[in-house]
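Just so you know, the protein sequences line up as chains A and B, in that order.
Here numbering that gives the first Met the number 0 is used: the first residue of the first sequence is 0, the next is one more, and so on.
Here numbering that gives the first Met the number 0 is used: the first residue of the second sequence is 0, the next is one more, and so on.
These notes concern the structure reproduced below.
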Amino acid sequence: MLFFKRGRVPGARSWELKTGLGKGYTKVLEQLDESLKDLDLEVKKVEPQTLSDYKPGPDDGEEESRYFVRLKGTLAPKEARLCGWRIDNLAALAAALALVVSKQGRSERKELETIIGNKAGRWRALTLMDTFLRSGYLEEDEEGLVKLGWRTRAELDLPSLMMLLAESKAPSAESSEPVEDDQASIEG
Amino acid sequence: MTEKVRRLSGRRELEELIQTCISIENRRFNPFLLDITEALRIIRRHSNQLRTIDDHLLDMRAITSVARVVGLQSANLRFQSSALFVDPSMVQQKLDSLSREQMAEFLLLSWHPIVELEQLTLASTKEAKEFWERMLSFFERRKRLHLGPFVSPDAADFEELARMHVVEEKAYTRKMQDLWKELKESAEKDERVDYWNFIRGSDFAATIARAQLVSFLVTYGYANLQRKGNSMFLVPKARPDPHPEGSPLSFPIPITKEVLIRAK
């Protein structure tokens with residue numbers, strides 16, 4: 000139930016697990032978490048208030064948490080490339096998330112496109128924004144503001160990302176690469 | 000009269016206040032830029048001038064807008080006291096100065112991707128099979144749409160498709176090459192051509208198409224665009240000289256029917 004994707008969002012809701020495993024499903028999940036450690040995986044619980052596409056009802060509490068299985072450790076750049084992620088896309092996602100977090104969870108789409116555009120080129124910024132929205136890293140609300148999506152809540156350690164960013168130092172002039180031009184963006 | 004003027008200025012003040020609150024809600028300004036005491040003073044000052052239902056609605060909108068800003072201020076304070084607080088301008092500066100590799104590395108160090116598998120299950124396969132078996136034939140379904148007698152598919156040649164605008168008669172690169180040749184021929188005498196004369200086509204749509212092709216000629220180094228006062232000239236190059244680092248500057252040229260008439 001946790002591994003197989005059913006519908007748009009992977010993982011399983013707590014009520015689904017309760018139906019399938021019974022009342023003591025949390026204990027089963029704890030055991031599963033213990034067993035997954037050897038595979039460098041873990042069970043992650045995402046609370047309803049942080050699953051932004053879910054609107055809790057009056058009696059909802061534990062019932063509507065969602066559980067995912069995610070990587071316990073982190074990926075090396077080479078491994079990320081093997082998963083189909085380009086360095087540019089990772090950098091663009093980092094920039095978009097950092098900006099949204101610094102603006103307290105909501106930012107204007109245009110502002111994000113500009114920030115991504117500085118790193119990945121103007122044209123690719125538009126397609127990358129669509130990709131991030133489609134995959135659930137970002138979400139657009141009724142007012143057109145962009146906020147963090149369910150996948151970010153499930154996959155990202157945001158305090159760690161912000162800490163790394165705040166503590167970072169810019170690379171020396173020789174090692175910094177110029178931003179790809181628009182032509183490259185068109186080709187890409 | 001004074002009463003009317005006072006009411007109008009009151010409405011204007013309230014509308015400005017609401018606009019400021021909306022801008023704050025849209026993250027254009029820091030919520031603390033709004034002085035809540037002053038905002039409440041404005042609302043209170045005009046409270047005795049509320050006559051019509053519109054006045055009351057405006058007053059209500061102003062109060063709720065201010066309340067939302069107070070909510071944002073509260074969220075801002077909670078956020079500032081949390082581990083996630085970083086000043087947005089500082090974040091922007093950092094993002095501008097960091098390389099793509101560094102940023103990708105930061106993301107990777109904080110990223111624990113979800114493990115998800117997609118596959119056919121026995122239940123979904125059964126469901127698909129039943130759907131397929133129950134589905135009416137193509138001709139049965141077509142009948143329901145009342146499309147008339149069925150016409151068998153026919154072959155269409157390239158010219159016909161081009162006439163229907165399904166395919167382009169010429170590839171874009173070919174069009175560019177032809178226009179470059181035309182530009183070189185037009186500029187044989189003076190080594191340059193007036194921009195507006197050159198882009199002019201048989202109608203407005205053709206003019207826009209030529210202007211777009213010219214913009215690619217300039218971007219890819221087939222020609223230069225020179226500006227002298229109010230005039231613009233195209234200077235073709237004997238050989239294309241593309242800028243590998245991209246065009247050094249962007250120069251938008253608005254093309255309206257009025258501009259074309261003026262340039263005649």
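Beta carbons are placed, not taken as given, at the ideal position from N, Cα and C, and that holds for glycine.
Quick caveat: nothing in here was measured; it's all calculated off a predicted structure.
Chain-ordered neighbours of residue i on chain A, where CB pairs are closer than 7 Å
{"i": "B/SER64", "result": "Neighbours of B/SER64 on chain A: none; closest Cβ ~14 Å, over 7 Å."}
{"i": "B/PRO265", "result": "Because chain B is modelled from 0 through 263, residue 265 of chain B falls outside the range shown and cannot be assessed."}
{"i": "B/VAL234", "result": "Correct list: empty, because the minimum Cβ distance to chain A is about 21 Å."}
Short Cβ contact (8 Å threshold) for residue i with residue j
{"i": "A/ARG105", "j": "B/ARG26", "result": "yes"}
{"i": "B/PRO30", "j": "B/GLN91", "result": "no"}
{"i": "B/LEU94", "j": "A/ALA124", "result": "no"}
{"i": "A/VAL68", "j": "A/LEU157", "result": "no"}
{"i": "A/LEU155", "j": "B/TRP110", "result": "yes"}
{"i": "A/ALA153", "j": "B/ILE113", "result": "yes"}
{"i": "A/VAL42", "j": "A/ARG65", "result": "no"}
{"i": "B/ARG141", "j": "B/PHE149", "result": "yes"}
{"i": "B/VAL192", "j": "B/LEU178", "result": "no"}
{"i": "A/PHE3", "j": "B/GLN18", "result": "no"}
{"i": "B/ALA210", "j": "B/ILE254", "result": "yes"}
{"i": "B/VAL85", "j": "B/ILE23", "result": "no"}
{"i": "B/GLU41", "j": "B/GLU12", "result": "Checking the displayed sequence, the identity of residue 41 of chain B turns out to be Ile instead of Glu. Going by C-beta atoms, B/ILE41 is nearer than 8 Å to B/GLU12."}
{"i": "B/LEU107", "j": "A/LEU127", "result": "no"}
Sheet register partners of residue i (DSSP bridge)
{"i": "A/ARG105", "result": "A/LYS146"}
{"i": "A/ALA11", "result": "A/TYR66"}
{"i": "A/GLU41", "result": "A/ARG69"}
{"i": "B/LEU116", "result": "A/PHE3"}
{"i": "A/GLU139", "result": "A/VAL145"}
{"i": "B/TRP110", "result": "A/LEU155"}
{"i": "B/ASP193", "result": "B/PHE232"}
Extent of the continuous alpha helix (DSSP H) run through residue i
{"i": "B/SER230", "result": "Careful: B/SER230 lies outside any alpha helix (DSSP H), inside the beta strand (DSSP E) at 230-235."}
{"i": "B/LYS142", "result": "137-143"}
{"i": "B/LYS90", "result": "Rather than Lys, the amino acid found at residue 90 of chain B in this sequence is Val. B/VAL90 -> alpha helix (DSSP H) spans 87-96."}
{"i": "B/VAL4", "result": "1-24"}
{"i": "B/PHE149", "result": "First-last for B/PHE149: undefined, no H or E at that position."}
{"i": "A/SER34", "result": "24-35"}
{"i": "A/GLU78", "result": "76-81"}
{"i": "B/LEU182", "result": "171-185"}
{"i": "B/THR272", "result": "Residue numbering for chain B in the displayed model covers 0 to 263; residue 272 of chain B lies beyond these limits and cannot be assessed."}
{"i": "B/MET134", "result": "Counting along the chain, B/MET134 falls outside any alpha helix (DSSP H), and DSSP gives it neither H nor E."}
{"i": "B/LEU160", "result": "157-162"}
{"i": "A/ASP129", "result": "121-134"}
First through last residue of the beta strand (DSSP E) which encompasses residue i
{"i": "B/GLN225", "result": "222-227"}
{"i": "B/TYR268", "result": "Residue 268 of chain B is absent from the structure shown; chain B starts at 0 and stops at 263."}
{"i": "A/PHE67", "result": "65-70"}
Chain B contact residues for residue i, given Cβ-Cβ distances below 7 Å
{"i": "A/GLU154", "result": "TRP110, HIS111, PRO112 and ILE113"}
{"i": "A/ALA97", "result": "VAL90 and LEU94"}
{"i": "A/ALA90", "result": "ARG99, MET102 and ALA103"}
CB contact below 8 Å: residue i versus chain A
{"i": "B/PHE138", "result": "no"}
{"i": "B/GLN211", "result": "no"}
{"i": "B/LYS174", "result": "no"}
{"i": "B/PRO239", "result": "no"}
{"i": "B/GLY70", "result": "no"}
{"i": "B/PHE78", "result": "yes"}
{"i": "B/GLU117", "result": "yes"}
{"i": "B/LEU259", "result": "no"}
{"i": "B/VAL217", "result": "no"}
{"i": "B/ASN25", "result": "yes"}
{"i": "B/ASN196", "result": "no"}
{"i": "B/ALA283", "result": "Any question about residue 283 of chain B goes unanswered here, given that chain B covers just 0 to 263."}
{"i": "B/PHE250", "result": "no"}
{"i": "B/PRO253", "result": "no"}
Contact with chain B by residue i, beta-carbon distance below 8 Å
{"i": "A/ARG161", "result": "The residue you asked about is not Arg; residue 161 of chain A is Met in the sequence shown. By this cut-off, A/MET161 is an interface position."}
{"i": "A/SER34", "result": "no"}
{"i": "A/GLU107", "result": "yes"}
{"i": "A/LEU50", "result": "At A/LEU50 the pLDDT is 43, less than 50, meaning the model places this residue with poor confidence; the figure from the coordinates comes in the next sentence. No, A/LEU50 lies away from the interface with chain B (no Cβ there is under 8 Å from its Cβ)."}
{"i": "A/ILE185", "result": "Any reading at A/ILE185 must be qualified, since the residue scores a pLDDT of 30, below 50, and its modelled position is unreliable; the value itself is stated next. Not an interface residue."}
{"i": "A/PRO76", "result": "yes"}
{"i": "A/THR73", "result": "yes"}
{"i": "A/GLN103", "result": "yes"}
{"i": "A/LYS26", "result": "no"}
{"i": "A/ALA79", "result": "yes"}
{"i": "A/LEU20", "result": "no"}
{"i": "A/ALA11", "result": "no"}
{"i": "A/PHE131", "result": "no"}
{"i": "A/LYS118", "result": "yes"}
{"i": "A/LEU125", "result": "no"}
Partner residues on chain A for residue i, Cβ-Cβ distance less than 8 Å
{"i": "B/PHE105", "result": "ALA93, LEU160, LEU163, LEU164 and SER167"}
Contacts that residue i makes with chain B (C-beta to C-beta distance below 8 Å)
{"i": "A/PRO47", "result": "Neighbours of A/PRO47 on chain B: none; closest Cβ ~17 Å, over 8 Å."}
{"i": "A/LEU144", "result": "ASN25 and ARG26"}
Contact set between residue i and chain B, taken where Cβ atoms lie within less than 9 Å
{"i": "A/LEU70", "result": "TRP110, HIS111, PRO112, ILE113 and VAL114"}
{"i": "A/PHE3", "result": "GLU115, LEU116, GLU117, GLN118 and THR120"}
Any non-hydrogen atom of the ligand ATP within 7 Å of residue i CB
{"i": "B/PRO239", "result": "Absence of the ligand ATP from the depicted structure is noted, as is the absence of any ligand whatsoever, leaving it without description."}
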